[in-house]
Structure formats: C-alpha cells, structure tokens
Amino acid sequence: MVIIISLDAWVYELKKDENRYDESAFKEKVDTMVAQTPELQKLTIHVGLLTKEDM
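Heads up, the sequence shown stops at 1063 in our numbering, and the numbers go up one at a time, no gaps.
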C-alpha cells in the first residue's frame, strides 16, 4: 500500500505477526520499487509496519 500526501509517501508492510517484520529487508524492497518508479524518486519515503491489530 502506498499513500502519497504532498511530497511524502508512506509505504507499509502488512504482517499478521509483528515479530516477523524485518525493517532492513523491507527497506531494500522499497528502495528497489523507488529505483524503478521515477515518480517516487521525487518524494520523501517513509516505511512502517501495520499489523492486524492496526486494522
């Protein structure tokens, strides 16, 4: 899920189990996505975790 507000984009990984979240691995995925998407390169990217409790 990507939400773009002004010049910021928040990219969240959805996990049932918070303990399975690996922030560095997720940042690598996001960096790959940004490198392949010129529109995202103009934005400040924020990453985070959402669990089923957040829903």
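We treat Cβ as the ideally placed atom computed from N, Cα and C, and that holds for glycine.
State yes or no: is the C-beta of residue i within less than 8 Å of the C-beta of residue j?
i: Leu1015; j: Leu1058; result: no
i: Lys1035; j: Val1010; result: no
What three-state label does DSSP hand residue i in the structure shown?
i: Asp1039; result: helix
i: Asp1016; result: strand
i: Lys1023; result: strand
Per DSSP, which one or two residues make a beta bridge with residue i?
i: Thr1045; result: DSSP output for Thr1045 lists no bridge partner at all.
i: Leu1058; result: Leu1022
Within 10 angstroms of the Cβ of residue i, are there 16 or more other Cβ atoms? Answer buried if so, exposed if not.
i: Ala1033; result: exposed
i: Ala1043; result: exposed
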